[in-house]
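Protein chains in written order, with numbering that gives the first Met the number 0: chain A, 0 to 295; chain B, 0 to 275; chain C, 0 to 466.
Here's the structure, in structure tokens; my notes come after.
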Amino acid sequence: MVKFRRNKEEIITAYLCVLPWSLGLSIFIIGPIIASLTFSFMDYSVVLPPKFIGLANYRKMLFGDPLLWKSLYNTLYMTVIGVPLNIVLSLSVALLLNQKVKGEAFFRTIFYLPSVVPQVAMSLLWMWILNPQVGLVNYILSLFGIKGPMWLASEQWAKPAFILMGLWGIGGNMVIFLAGLQNVPQHLYDAATVDGANIWQRFRYVTLPMLSPTIFFVLVMGIIGTLQIFTQAYIMTAGGPMDATLFYVYHLFNKAFRDFHMGYASAMAWFLFIIIFAATMLNLKLAPKWVYYETE
Amino acid sequence: MNLKKIIPRIIVYSFIILGSASFILPFIWTVSTAFKPDEQIFLFPPKWIPKPSTIIHFREVFEFVPFGLLYRNTIILTLLNIAGTLFSCPLAAYAFAKLCWPGRDILFVITLATMMLPPQVTMIPQFLIFRGLGWLNTMLPLWVPSFFGSAFNIFLLRQFFMTLPKELDDAARIDGCSFFGIFWRINLPLMIPAITAVTIFTFMGTWNNFIGPLIYVRSYSAMPLSLGLRMFQEAYSAEWGALMAASLMMILPVIIVFFFLQKYFVQGIALTGLKG
Amino acid sequence: MREYLKLLTVGMLCIILLASQVIVSSAAKRTLEVWAPGGKVWEDTYQEFQKTHPDIELKFVPLTGGFDERKQKLLSAVAGGVPPDVMWVDRFEVSQWAAFDTLTPINKYLPKYKVSSSQYIKQTWDEAIFPWDNQLYALPWQTDDRLIFWNKDIFKEVGLNPDKFPVTWEEQLELNKKLTKFDDKGNVTRIGFAVVEGLGANGGEWVLGWANGGEYMTARSTKATLNSPKLVETLDWLVKMTDASGGVEKAAAFQGTWGSEVQAPFFVGKIAAMINGNWTFESIARYAPSLNFGIAPIYRRDIYKKEGKLVPITFSGGHAFAIPKGAKNPDDAFEFIKWITGIEGTRAYRKASIEFSKSMNRPWAPIIFAYQSSNKESLEAFAEQPVSQAINAGVKLAFDLMPYTRFRDRSPAALLMQREFLGHARDEALYHKKTPKQALDDATKTIQAELDRLIDEWEQRTGKKLR
């Protein structure tokens, strides 16, 4: 491998390439982020001038708001269970649909469909599917002799219900994996076959490593995204029953827009930021152990 | 003798068909309800094929909101966002992935970090920025930022750039190609599946996004479909038939676009002149 | 390069296209920016205003979503110093906007524009007054109320008198037990008397508390009293009622099939009786015109127990039009809200909505306007509608009950209170996590803490004393 020493052309090209993004960051993004950090130290209702109150928001958050910890638990539950499930399922489907199957375009579209249907259309459908008495899910369970739970009406099963619904949204990651699978050079598969590798070994030693940058992306984005889960609960359960589906960002949203506590909501946002940042840095640090980049 | 080939294929096909059956359910439901007369919508167990079917709901939708106008706005917005994203994101992603320059890793971490703060708390300061720029009462806040990049797409494309083999870049460099030339002529053609993915996501993201329009749009002439659908849902909350009809009209273009962009996913890499 | 140039040209063309969409307000006319609902009926109404006020240019911005979405939009606008001139609000939130100084008090416009409280239904007017400074902040537009509906055929089927609905809570509990049906798997197949919101009813929790003589807050809304004995008693009865129809999980499962259309099960006999709103009449006329149903008011339990007299009670909510602080054109704004809530605007709305229903081949039933004399005209127009006797009687009863109605206590903590009451206290009691007293005690504590904070802030800001 020929290594090139850092030279002027490389640096100038690079700076030009990131110029639009850097401009965008400074104009549209960094300002609001710093503003929200400032607000977190204030009592701010948006419509009235903010008042500096130091760490009061953070103190209240950590010691005076049990609902906050409940919402954090609810959110972490979704992340820890939902993200791996999503990755495994979307990868499996992508692999299935990467084969030369008749009507592959048609099938891929079908798997992507639920990600496209607007929430409002899905919510009614889901309430029916998950209905404990007559819904599809419990009906199928009953065929195996299992009495299905109360799903959205039950404190214990509301979150699993959301995870189930989340699985229908694998279309997005499926698309990413499909694209990633294209970058696995055929000649590697050929070489492996020549060496006597079977399907599983080809998957384990060719596909997975070549796909690892993509998996890394899906994992990091999955964590970042799931920790901010909100809309579904807002539309379907209003956080219930008994706050079982009150997710962290939903609680934040209530504080900001229902109670006009934008300062407190900002403190909550930054607390979440620290958690997400820590998780992501951990991922970045661990990456070299399993992510294989061609360019290195 | 051919059992070895047939059994895996049967397994593959059965999983695909079973999976598809469940995945297509929401869509079939939407279609079915859109064509169902009111009295049948709440029937339980649901009648999947409405008898008699009706197109009155589609008529209702056009009566309730100026759908044609909303369509036009949404298409314009989407095209602009795709143009902006495809302009700014591959460039930045390339620099992060393939080039070596001071500040690269820090800027990358910052890029990721921008996705970690819930948007609810940056929404209002951003509004103030757009107000300062004088862009209220226009559609500008809804698409100009895309010309400056987006963290999600930059991250995604960076990962894909990093899966491309270095040998091609080196060979081109030896031939005297500039760094931009490597980007444009060597790497980009191999990134078609990834670029397609980004296009689809941007398309769908813009098509369905309603928070931005909620805050910035102040008239029908700038209103996109997503907001129209919300408004519709609010004003006619019990009109499930019309709601499904509206949803259907909103989903259809996305499905069509996706269906036709499919083939770019399977554009394999033709690696000529390379040894394994 | 070529690809990028192509993209750039597309971008430039689109910018030019869009630049032509930018709304340029004519400097000559007076403009009025109104944030209000969209849809054909409303827009016909706004057009009528425009026609009769040619010197004002009306710019209408359609509003979407419930409380929260509208709040995001309005908060951004106010923070940015660009609020509309007129905003449509739910009266329930007026006190919150007012406490944060987001709305313009409109008392000073009343004499000049000849608007007075006697023109509107008293409770709708009062609900738009902020009790901490006793100023009026919006003109009410419409309202609603709740009644008891029951299925006469089901009553006949079980041998009950179909024309009478039991009055006492004890009898109603018995009725619920008698009419609730289960299948052999223990699932609910019919709920007897639905009183809990989301389990087949609407507004039950609020109205039953008042029916029992309870109060949720002190008169000036400085103290929350959700845990007063009468309200604890009410919640206790609600728990008993829910347990009688299979318990909250089973009842919720049973209801879950219908999504947000909570009236549908009543139409097909899955609910035998319910407390619900007067908007149900139009739905019955449209979806179940041959339904044999009865209607009756909810009665004051405390008065009946003490004096044996039947005094009705009901619960109303509704919308209003307000003028945000910082509106550029407050005088025309008031002219608009006077027009739209007054006789002309309500006439225009009624006309548009009758036409719309006709064009969609649907029956029409009037909504209750806050403006009293308009309601007389609505009833006259309704008399020409081909609907059943029962629906006719029901609609009329809904109008007649308005003098007896109550509305939710006005305070900036109203939304929090609703969430604590219905989302926490009630659910905790129904799911038997806490006793009704415990649940309401906890809710009251939470609400009072927030209320105290809000009062402190308000007192500091305005220099006035509330307690």
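Ideal Cβ placement from N, Cα and C applies to all residues, glycine included.
Given the structure is predicted, the values throughout are model-derived calculations rather than measurements.
| Asked | Found |
| --- | --- |
| Any C-beta of chain C under 9 Å from that of aspartate 168 of chain B | no |
| Through-space distance from tryptophan 142 of chain B to lysine 395 of chain C, alpha-carbon basis | 52 Å |
| Proximity of proline 130 of chain C and alanine 218 of chain C at Cβ, strictly below 9 Å | yes |
| As assigned by DSSP and simplified to three states, the class of serine 25 of chain C | With a pLDDT of 43 at serine 25 of chain C, under the threshold of 50, the modelled position of this residue cannot be trusted; read the value that follows with caution. Here serine 25 of chain C sits in coil by DSSP. |
| 9 Å Cβ cutoff, asparagine 208 of chain B in contact with chain A | no |
| Distance CB(glutamine 231 of chain A)-CB(phenylalanine 143 of chain A) smaller than 9 Å | no |
| C-beta atoms of alanine 369 of chain C and threonine 340 of chain C nearer than 9 Å | yes |
| Bridge-paired residues (DSSP) for tyrosine 298 of chain C | C:Pro311 |
| Given 8 Å, three or more beta-carbon pairs between the region 145-155 of chain A and the region 153-170 of chain B | no |
| CB contact below 9 Å: arginine 103 of chain B versus chain A | yes |
| Proximal residues of chain B, C-beta to C-beta of threonine 63 of chain C below 7 Å | Leu213, Leu226, Arg229, Met230 and Glu233 |
| Minimum Cβ-Cβ distance from threonine 110 of chain B to chain A less than 9 Å | yes |
| Whole-angstrom distance between arginine 425 of chain C and glutamate 154 of chain A, CA atom to CA atom | 15 Å |
| C-alpha distance - threonine 434 of chain C paired with lysine 444 of chain C, whole-angstrom precision | 15 Å |
| Contacts around methionine 235 of chain A, its chain only, beta-carbon distance under 6 Å, and the 5 residues preceding and following it disregarded | Ser122 |
| Whether proline 89 of chain B touches phenylalanine 182 of chain B by CB criterion (9 Å) | yes |
| Helix, strand or coil at lysine 101 of chain A [DSSP, three-state] | coil |
| Cβ-heavy atom distance, proline 117 of chain B to the ligand NAD, below 8 Å | For the structure depicted, the ligand NAD is absent and the ligand set is empty, with no information on it obtainable. |
| Min CB distance serine 21 of chain B to chain C below 9 Å | no |
| Cβ of serine 24 of chain C within 9 Å of any chain A Cβ | Confidence in serine 24 of chain C is poor, its pLDDT being 43 and thus under 50, which makes the residue's placement unreliable; the coordinate value appears in the next sentence. It does not: the Cβ of serine 24 of chain C has no partner Cβ on chain A nearer than 9 Å. |
| Residue closest to tyrosine 263 of chain A, alpha-carbon to alpha-carbon, out of A:Gly63, A:Pro117, A:Ser39 and A:Ile273 | A:Ser39 |
| Pair within 9 Å by beta-carbon distance, serine 75 of chain C and methionine 122 of chain B | yes |
| Beta-carbon separation (whole angstroms), lysine 337 of chain C vs leucine 138 of chain C, contact threshold 8 Å | 7 Å |
| Cβ contact (3+ pairs, closer than 8 Å) linking the region 80-93 of chain A and the region 214-232 of chain A | yes |
| Straight-line gap, glycine 240 of chain B to isoleucine 48 of chain B (C-alpha atoms, nearest Å) | 14 Å |
| Buried/exposed call for asparagine 182 of chain A, threshold 16 Cβ in 10 Å | buried |
| Closer than 8 Å at the beta carbon, the chain B residues around alanine 78 of chain C | Ile123, Phe126 and Leu127 |
| Sufficient close CB pairs (3 or more, under 8 Å) joining the region 172-181 of chain A to the region 87-97 of chain A | yes |
| Chain B contact for serine 358 of chain C (CB, 9 Å cutoff) | yes |
| Closer than 8 Å at the beta carbon, the chain C residues around valine 64 of chain B | Gly37 and Gly38 |
| Beta carbon proximity, arginine 418 of chain C to chain B, threshold 9 Å | no |
| Reference threonine 51 of chain C; option with closest CA among C:Phe335, C:Phe148, C:Ile366 and C:Leu414 | C:Phe335 |
| Below-9 Å beta-carbon distance, valine 21 of chain C vs any chain A residue | With a pLDDT of 46 at valine 21 of chain C, under the threshold of 50, the modelled position of that residue is not reliable, and the figure given next carries that caveat. By this cut-off, valine 21 of chain C is not an interface position. |
| Given 8 Å, three or more beta-carbon pairs between the region 268-285 of chain C and the region 192-200 of chain C | yes |
| Chain-ordered neighbours of isoleucine 28 of chain A on chain B, where CB pairs are closer than 7 Å | Thr113 |
| Alanine 277 of chain A versus isoleucine 74 of chain B - alpha carbon distance | 39 Å |
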